[in-house]
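Novice: There's a structure below that I have some questions on.
Number of protein chains: 4
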Amino acid sequence: MAGSTFGERFKVTTFGESHGVAVGVIIDGVTPGIEIDESYIQVQMDRRKPGQSSVTTPRKEYDKINIVSGIFEGKTTGAPMSIILYNKDMRPEAYSDIKNSFRPGHADFTYLQKYGHRDHRGSGRASGRETASRVAAGAVARKSLEGRGVSVVAFTKAIGGITGETFDETIIEKNAVRAADPIAAEKMIQKVEALAAAGDSCGGIVECRIRGVVPGIGEPTFDKLDAELAKAMLSIGAVKGIEIGSGFAAAEMQGSEHNDQMDKNGFKTNHAGGIVGGISTGAEIVFRIAVKPTSSISVPQQTMNQAGEETEIVTIGRHDPCICPRIVPVVEAMACLVIEDHYKRQAALRA
Amino acid sequence: MAGSTFGERFKVTTFGESHGVAVGVIIDGVTPGIEIDESYIQVQMDRRKPGQSSVTTPRKEYDKINIVSGIFEGKTTGAPMSIILYNKDMRPEAYSDIKNSFRPGHADFTYLQKYGHRDHRGSGRASGRETASRVAAGAVARKSLEGRGVSVVAFTKAIGGITGETFDETIIEKNAVRAADPIAAEKMIQKVEALAAAGDSCGGIVECRIRGVVPGIGEPTFDKLDAELAKAMLSIGAVKGIEIGSGFAAAEMQGSEHNDQMDKNGFKTNHAGGIVGGISTGAEIVFRIAVKPTSSISVPQQTMNQAGEETEIVTIGRHDPCICPRIVPVVEAMACLVIEDHYKRQAALRA
Amino acid sequence: MAGSTFGERFKVTTFGESHGVAVGVIIDGVTPGIEIDESYIQVQMDRRKPGQSSVTTPRKEYDKINIVSGIFEGKTTGAPMSIILYNKDMRPEAYSDIKNSFRPGHADFTYLQKYGHRDHRGSGRASGRETASRVAAGAVARKSLEGRGVSVVAFTKAIGGITGETFDETIIEKNAVRAADPIAAEKMIQKVEALAAAGDSCGGIVECRIRGVVPGIGEPTFDKLDAELAKAMLSIGAVKGIEIGSGFAAAEMQGSEHNDQMDKNGFKTNHAGGIVGGISTGAEIVFRIAVKPTSSISVPQQTMNQAGEETEIVTIGRHDPCICPRIVPVVEAMACLVIEDHYKRQAALRA
Amino acid sequence: MAGSTFGERFKVTTFGESHGVAVGVIIDGVTPGIEIDESYIQVQMDRRKPGQSSVTTPRKEYDKINIVSGIFEGKTTGAPMSIILYNKDMRPEAYSDIKNSFRPGHADFTYLQKYGHRDHRGSGRASGRETASRVAAGAVARKSLEGRGVSVVAFTKAIGGITGETFDETIIEKNAVRAADPIAAEKMIQKVEALAAAGDSCGGIVECRIRGVVPGIGEPTFDKLDAELAKAMLSIGAVKGIEIGSGFAAAEMQGSEHNDQMDKNGFKTNHAGGIVGGISTGAEIVFRIAVKPTSSISVPQQTMNQAGEETEIVTIGRHDPCICPRIVPVVEAMACLVIEDHYKRQAALRA
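Okay, structure coming up:
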């Protein structure tokens, strides 16, 4: 693969640049006969789209999906589903003044090095817009997983040092930062708004919980379920780390404390985060990701231009001061892709 | 893939169980004409092998490698290299008393669920012994990377809450825990020995630094270099998390602080950890992994047996109280596999 | 993969049904910096499109391509190219009377068995229309191969028992059957027109010649260059066989006759067809494919319907009496995909 | 992949050179719980091994297999099976006089071009000996397919122009050429013995019949069942062509004659060869392959040496005058690999 394809038996290929004609996705390997329509997918798109609140960018793409293939009479056919999102509100000219400079934190420099050229229009493939394709594909996986009794929920655990302590799933979609703790949510919003006003940004932590996965899902050795989740999450641009279950806290624990003992009701604890030996235990799968602060800020920064000269750059335009709330549906989508793919791999193994 | 293969153009497939006849590895896609011999590989094997010191298990496998194919007159031919390590000092009977019980922290339960049966002899494929195959393959990748000017060094950053602060690469192989800070090393060793005496274990953190990677290595979108490193690391049994560059600390940082600004000497900081947009920047690649405490402890633990009855289990036998020092060469090996593979992918892209 | 993706480093994924909204293709792994525009690709599309002459179906799709991504300022960027062809002149209602019957020679029965349902609108993915996506992708590969000095030419060798004996490359595009022998071409056209008048169809043989491939292209063992070409060709719906070089004639030859001996000018003969041990020799690569007679005929045929009842079927509508002339560009396209991919694999091997 | 791996969910990787230490195979994705032992596999090995009769080479390798992993208590575990065959009776010195010359019909020249060096000891990976690994893997697939009710039988259809007309499956293993027609078998044997006496060789045709495959197996578009079979067969060194069902005869047929009509008992004919649209129909799958005459002959031949000088070469040593009888089990093995893999893919699709 040349990087744009994910999965083996539920196989997703994305295409399109942020400021080109469209972005989109092909999904190959969808179970035939699943009822799904555009509105089901659109719900997920709307959770990712910009402009949802004071803490997200006002760029208005709407992310209206078009299913081009793979559905017949309201059901998946098993043929590759293709979904296209035409770009609107493109303003490539907004990027013309930065076309020769490397924006700090962006992939401008590395893309130039890799490809020998650079598409300066808003990051091209490296743009967060590419994740819209993933959310569309993830929605298809999610619909299939619903039939398997699997649910996937992510939320903002922390922003800029403010950490949620409680978990109320019902409020996640009701606050602008998608936190699960209403008191922390309020503080996070204030923090983000203050940073936005200052032209700065901040990072955070997103947690994901997957319920209902039967024991036995995940391949041993290299394609462990947690390894695949790790790859999926680190493939999201702003993510700098992942931990499963106890995660980095395990580094300070003892075996007698960390091991999940069992009684006849099952595991008494879940330090493993629902995965042991790369295979699901049947317990809730829990992981957290570290999200870096948005790179695009209006604070002046020192950088280089393509001529090798030092210069200063100020990113104007429309950007999220904290990307966590919009990463939540992307995290869920990628998790859905991994789980759905591994259900299919398990079916192949046992066939 | 069914889980035992890693990489696309430098492609590694491992096989063998901990208490079977042998473990081994096939490496396909090796650049032809590289000078390599068994002794070069054996050096790495000896770093991973058990019984190196008071803090590692006394099981004596020696891990003597046998190159079965792919070498002719001292050079790689381009044909698949195969390397076999015959198991010695096998004592499957040592496991007979636990054959029906699920050892806490081990993959006994999940393997049974996945496969519908269980090879109880020392964890089978889920055993740390499988990583010997990876170290052998990693040594081949390392030899090739040396020719590219790339070096890979890992070390124990922390054990059980004791964190190294200084970095002296020259001492890593000279202390039993493979730390880079001599004072912390001493404390770590004391801690591990105390836990070993108590029949318990502890976790830690391993850091890896990769130098000399040219800018432009790594595929965008799903096969980002950090995503592939994350998968590689989480595919190691005891690893519960990974962070690249600033990692989880980024969650508390602001964009103006986190962005790596440039001057004419290059990047002024390296919060990115050497990878932006999934592609190498040319700066040092830095990541850390969380290692859980060894699951095998002699403290009695509550568990279930296959008949569904509650029981108590005590893991006797030979196990590492802290796996960090032996994970160090495995981390390096997996990092070598990822980097070598991506050099080849980049060559294909630009061809 | 779930069947819609071809290639490893030059990776092509097609989507879309014959009577849906559109068909299209994603091409991942394109070398960056190649100059290409829509008109270059359109030339190939026009060679495949229906309605070119009296011997092809009058369905007017035009096959107008739209490049959606992967091109910036007239050059490939290295990002996935996506090309969409909107379907026009769709008449799904034309298929309503056959929606419950299995058309002989078509994939109606097997698709129903595989997926548990059936998209009866003109064969869906099994339609020849899917090959339009391949021709678009093949044109991109062809442009890259031109830069490598590789040319790919296919032509109709035989139709319905009439075999061309001479080879004049300049006339291929100038006769309706794309033969390379002008006298045979005339006879073939008469034959096809007579069959068309009778509502029947016929098969034929297409030959492909690839020049300029350097020695050393092709992977040994399973991914031999001829094995990959065979897969590529048999993946075209109407193809029932392939032979490389001497092909089936080799079955009657002796080693002393078949072996290609060498002198200082190179190989004295080319029974191998330019590939030995799965690797290119530098000689012209030559293969031939067997094309079955078009399944859609207006002669009444006996079949079953989905209710399990015997019935009779007459395929009305617009179909080619012999598909050879339109398969020629598809054969070339698939050959281009294979060769381009293997140039990239070789670059990775030797990197 | 770098060429040594075949299959997606039943994944086979071979390694080893003809005159090195050993050859072998890793099989990943085997269904757990299948009863299999070495003797079952050995039966197939013995069908491929040299020295079975007057028409095969007297080289005595025995091809004794060693199962190294993947079996526990007589059943497959689901872990990768590894099987090793140590080489015996190696005489690399027998090749020393040809080490600098390119043997006509062999891969000496192309391997040198590809890898920049050459392992002259009996063809290395390009040797027919590599197929021993395939037969071992194929036996494992065959055992699984038996449980699915699938049988795979191949036989020599023609040798040097002598074609069998009748089909008696019971005699295939009872004559030296593995023909299914006893009278033709006799003539074939005489022909091969005469050629052997003259130091020459001849080609032939092998037919394969697969029964019991349920309808619906095979992926559409690129991974069609016939496309995969074609790749599998052309990946066998001596194979120059394949035809499915009617094959090249289809080129001279009309649609009204070629289409397989149906009545309530199913298909009335089987020109399709059991596969339509790349998917199994449930009818017998039938294909034939063209086998070239063995390249190694003792007739003097003109060639080049590595210094670029013209020279003459005589292949002494132990070689088959016609490879058909020994290709029969290889064809069956590869067919088993394809079918087993696609059963698993279908399970994944419908999961």
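Chains as they are written, first to last, in the numbering used here: chain F, -11 to 339; chain A, -11 to 339; chain L, -11 to 339; chain H, -11 to 339.
Just so you know, even glycine gets a beta-carbon here, dropped at the ideal spot from N, CA and C.
This structure is a prediction, so every number in the text was calculated from the model and none was measured.
Does His94 (chain F) come within less than 9 Å of chain L when only Cβ atoms are used?
Specialist: For the purposes of this step, residue 94 (chain F) is taken as residue 106 along the first sequence, with counting starting at 1. Cβ-Cβ to chain L under 9 Å: no for His94 (chain F).
Novice: Please return the same chain residues whose Cβ sits closer than 8 Å to the Cβ of Ile230 (chain A), not counting the five positions on each side in sequence.
Specialist: Mapped onto the second sequence, residue 230 (chain A) falls at position 242. If we look at Ile230 (chain A) and ignore the five residues flanking it on each side, its Cβ neighbours are Leu217, Ala218, Met221, Leu222, Phe275, Arg276, Ile277 and Ala278.
Novice: Taking Cβ positions, are Ser70 (chain L) and Ser89 (chain L) nearer each other than 9 Å?
Specialist: Numbered from 1 along the third sequence, position 82 holds the residue referred to as residue 70 (chain L). Numbered from 1 along the third sequence, position 101 holds the residue referred to as residue 89 (chain L). No; because the gap between Cβ atoms is not below 9 Å, this pair is not in contact.
Novice: How many angstroms separate the CA atom of Phe155 (chain H) from the CA atom of Ala237 (chain L)?
Specialist: Residue 155 (chain H) sits at position 167 when you count from the first residue of the fourth sequence. Residue 237 (chain L) sits at position 249 when you count from the first residue of the third sequence. Each residue's Cα considered, the two are about 23 Å apart.
Novice: For Glu272 (chain L), tell me which candidate among L:Glu195, L:Ala186 and L:Val128 has the shortest Cα-Cα distance.
Specialist: Residue 272 (chain L) sits at position 284 when you count from the first residue of the third sequence. The residue with the shortest Cα to Cα distance from Glu272 (chain L) is L:Glu195.
Novice: Take Arg122 (chain L) as the anchor and find which of L:Arg35, L:Ile59 and L:His108 has the nearest alpha-carbon.
Specialist: Within the third sequence, the letter at position 134 stands for residue 122 (chain L). If we check each option's Cα against that of Arg122 (chain L), L:Arg35 comes out closest.
Novice: On a Cα-Cα basis, can you pick out the residue from H:Lys212, H:Gln242, H:Glu298 and H:Ala260 that is closest to Asn253 (chain L)?
Specialist: As a working mapping, residue 253 (chain L) is identified with position 265 in the third sequence. Of H:Lys212, H:Gln242, H:Glu298 and H:Ala260, the residue nearest in Cα terms is H:Glu298.
Novice: Between L:Gly200, L:Glu161, L:Gly148 and L:Val165, which lies nearest to Gly192 (chain L) when the distance is taken from Cα to Cα?
Specialist: Here residue 192 (chain L) refers to the residue found at position 204 when the third sequence is read from its first residue. Checked all of L:Gly200, L:Glu161, L:Gly148 and L:Val165; the closest Cα to Gly192 (chain L) is L:Gly148.
Novice: Can you grab the Cα-Cα spacing for the pair Lys37 (chain H) / Tyr28 (chain H), in whole Å?
Specialist: Indexing the fourth sequence from 1 puts residue 37 (chain H) at position 49. Indexing the fourth sequence from 1 puts residue 28 (chain H) at position 40. Looking at the two C-alpha atoms, the distance is approximately 15 Å.
Novice: Alpha carbon to alpha carbon, how far is Ser234 (chain H) from Lys145 (chain H)? Give it in angstroms, no decimals.
Specialist: For the purposes of this step, residue 145 (chain H) is identified with residue 157 of the fourth sequence, where counting begins at 1. For the purposes of this step, residue 234 (chain H) is identified with residue 246 of the fourth sequence, where counting begins at 1. Approximately 15 Å between the Cα atoms of the pair.
Novice: With contact counted as at least three CB pairs below 8 Å, one residue from each stretch, are the region 242 to 258 of chain L and the region 90 to 101 of chain H in contact?
Specialist: Touching, yes.
Novice: Apply the 10 Å Cβ neighbour rule to Val31 (chain H) and answer buried if 16 or more other Cβ atoms are within range, or exposed otherwise.
Specialist: Walking along the fourth sequence from the start, residue 31 (chain H) turns up at place 43. Per the 10 Å Cβ criterion, exposed.
Novice: Of all the options A:Ile327, A:Asp214, A:Ala339 and A:Ala239, which has the alpha carbon lying nearest to the alpha carbon of Val420 (chain A)?
Specialist: For residue 420 (chain A) there is no data in the structure shown, the boundaries of chain A being -11 and 339.
Novice: Could you tell me which whole beta strand (DSSP E) segments of length 3 or greater appear in the region 37 to 70 of chain F?
Specialist: Within the region 37 to 70 of chain F, the complete beta strand (DSSP E) runs of at least 3 residues are 54 to 57.
Novice: Would you mind stating whether Ser341 (chain F) and His307 (chain F) have Cβ atoms separated by less than 9 Å?
Specialist: Given that chain F is displayed from residue -11 to residue 339, the structure contains no residue 341 (chain F) and the question cannot be resolved.
Novice: Between which residues of its own chain and Thr(-7) (chain F) is the CB-CB distance below 6 Å, once the five residues before and five after are set aside?
Specialist: If you number the first sequence from 1, residue -7 (chain F) lands on position 5. Counting only Cβ-Cβ distances below 6 Å, and skipping sequence neighbours, we find Thr1.
Novice: By the criterion of Cβ-Cβ separation under 7 Å, what are the contact partners of Ala339 (chain A) in chain L?
Specialist: Along the second sequence, one-based indexing puts residue 339 (chain A) at 351. Going along chain L in sequence order, the residues near Ala339 (chain A) (Cβ under 7 Å) are Thr19, Tyr331, Lys332 and Ala335.
Novice: According to DSSP, simplified to helix, strand and coil, what is Thr1 (chain L)?
Specialist: Position 13 of the third sequence holds residue 1 (chain L). It is a strand residue.
Novice: Could you work out which residue in L:Gly270, L:Gly126 and L:Ala168 is closest to Pro340 (chain L) when comparing CA atoms only?
Specialist: Given that chain L is displayed from residue -11 to residue 339, the structure contains no residue 340 (chain L) and the question cannot be resolved.
Novice: Step through the CB atoms of chain H and report whether any lies within less than 9 Å of the CB of Arg(-3) (chain F).
Specialist: Working through the first sequence from its first residue, we reach residue -3 (chain F) at position 9. Yes - at least one Cβ of chain H is within 9 Å of the one on Arg(-3) (chain F).
Novice: Shortest alpha-carbon distance to Ala114 (chain H) belongs to which of L:Ile267, L:Gly66 and L:Ser6?
Specialist: One-based indexing of the fourth sequence puts residue 114 (chain H) at position 126. Cα-wise, what sits closest to Ala114 (chain H) is L:Ile267.
Novice: Near Lys175 (chain A), which residues of its chain fall below 8 Å by C-beta distance, leaving aside the five closest residues on each side in sequence?
Specialist: Translated into the one-based positions of the second sequence, residue 175 (chain A) becomes position 187. Once the five neighbours on either side are set aside, the close Cβ partners of Lys175 (chain A) are Ile150.
Novice: Inspect the beta-carbon positions of Phe3 (chain A) and Val18 (chain A) and report whether they are closer than 9 Å.
Specialist: Counting from 1 along the second sequence, the entry for residue 3 (chain A) is found at position 15. Counting from 1 along the second sequence, the entry for residue 18 (chain A) is found at position 30. The answer is no: Cβ separation not under 9 Å.
Novice: Quick one: grab the DSSP three-state call for Ser268 (chain L).
Specialist: Position 280 of the third sequence, counted from the first residue, corresponds to residue 268 (chain L). Residue state, collapsed to three classes: strand.
Novice: Mind checking if Glu216 (chain L) is an interface residue toward chain F, Cβ cutoff 9 Å exclusive?
Specialist: Within the third sequence, the letter at position 228 stands for residue 216 (chain L). No, Glu216 (chain L) does not count as interfacial toward chain F.
Novice: Determine the contact status of Arg136 (chain F) and Gly200 (chain F), defining contact as a CB-CB distance below 9 Å.
Specialist: Within the first sequence, numbered from 1, the residue matching residue 136 (chain F) stands at position 148. Within the first sequence, numbered from 1, the residue matching residue 200 (chain F) stands at position 212. Yes, Cβ-Cβ distance for Arg136 (chain F) and Gly200 (chain F) is below 9 Å.
Novice: Thinking just about the alpha-carbon of each residue, which of H:Glu320, H:Asn293 and H:Ser244 is nearest to the one in Ser341 (chain L)?
Specialist: Because chain L here runs from -11 to 339, residue 341 (chain L) falls outside it and cannot be looked at.
Novice: Give the DSSP-derived three-state secondary structure of Phe90 (chain F) in the structure shown.
Specialist: Looking up residue 90 (chain F) in the first sequence gives position 102. Residue state, collapsed to three classes: coil.
Novice: Given a limit of 7 Å on CB to CB distance, which residues of the region 236 to 263 of chain H reach chain L?
Specialist: If the cut-off is 7 Å between Cβ atoms, the region 236 to 263 of chain H has Phe236, Ala238, Ala239, Glu240, Met241, Gln242, Gly243, Ser244, His246, Asn247, Asp248, Gln249, Met250, Asp251 and Lys252 near chain L.
Novice: Which residue's Cα is closest to the Cα of Tyr50 (chain F): F:Ile59, F:Phe60, F:Val43 and F:Gly39?
Specialist: Translated into positions along the first sequence, residue 50 (chain F) becomes position 62. Of the listed residues, the one whose Cα sits closest to Tyr50 (chain F) is F:Gly39.
Novice: By how many angstroms is the C-alpha of Asn75 (chain L) removed from the C-alpha of Glu118 (chain L)?
Specialist: Start at 1 with the first residue of the third sequence, and residue 118 (chain L) comes out as number 130. Start at 1 with the first residue of the third sequence, and residue 75 (chain L) comes out as number 87. Going by the C-alpha atoms only, they are around 11 Å apart.
Novice: By Cβ distance, which residues of its chain are closer than 6 Å to Ala142 (chain H), with the 5 residues on each side in sequence left out?
Specialist: Here residue 142 (chain H) is taken as the residue at index 154 of the fourth sequence, counted from 1. Once the five neighbours on either side are set aside, the close Cβ partners of Ala142 (chain H) are Val194, Cys196, Val316, Val319 and Glu320.
Novice: Please state if the CB of Asn247 (chain H) and the CB of Pro68 (chain L) are separated by a distance shorter than 9 Å.
Specialist: Taking the third sequence and counting its residues from 1, one reaches residue 68 (chain L) at position 80. Taking the fourth sequence and counting its residues from 1, one reaches residue 247 (chain H) at position 259. Contact flag unset, no.
Novice: Grouping DSSP H, G and I as helix and E and B as strand, with all else coil, what is Arg338 (chain F)?
Specialist: Working through the first sequence from its first residue, we reach residue 338 (chain F) at position 350. It is helical.
Novice: May I have the straight-line CA-CA distance separating Glu23 (chain A) from Thr64 (chain A), to the nearest angstrom?
Specialist: Along the second sequence, one-based indexing puts residue 23 (chain A) at 35. Along the second sequence, one-based indexing puts residue 64 (chain A) at 76. When rounded, the distance between both Cα atoms is 7 Å.
Novice: Take the Cβ of Glu300 (chain L) as the centre, count every other Cβ of all protein chains shown within 10 Å, and call the residue buried at 16 or more, exposed below.
Specialist: By 1-based counting over the third sequence, the position of residue 300 (chain L) is 312. By the neighbour-count rule (16 or more Cβ atoms within 10 Å), Glu300 (chain L) is not buried but exposed.
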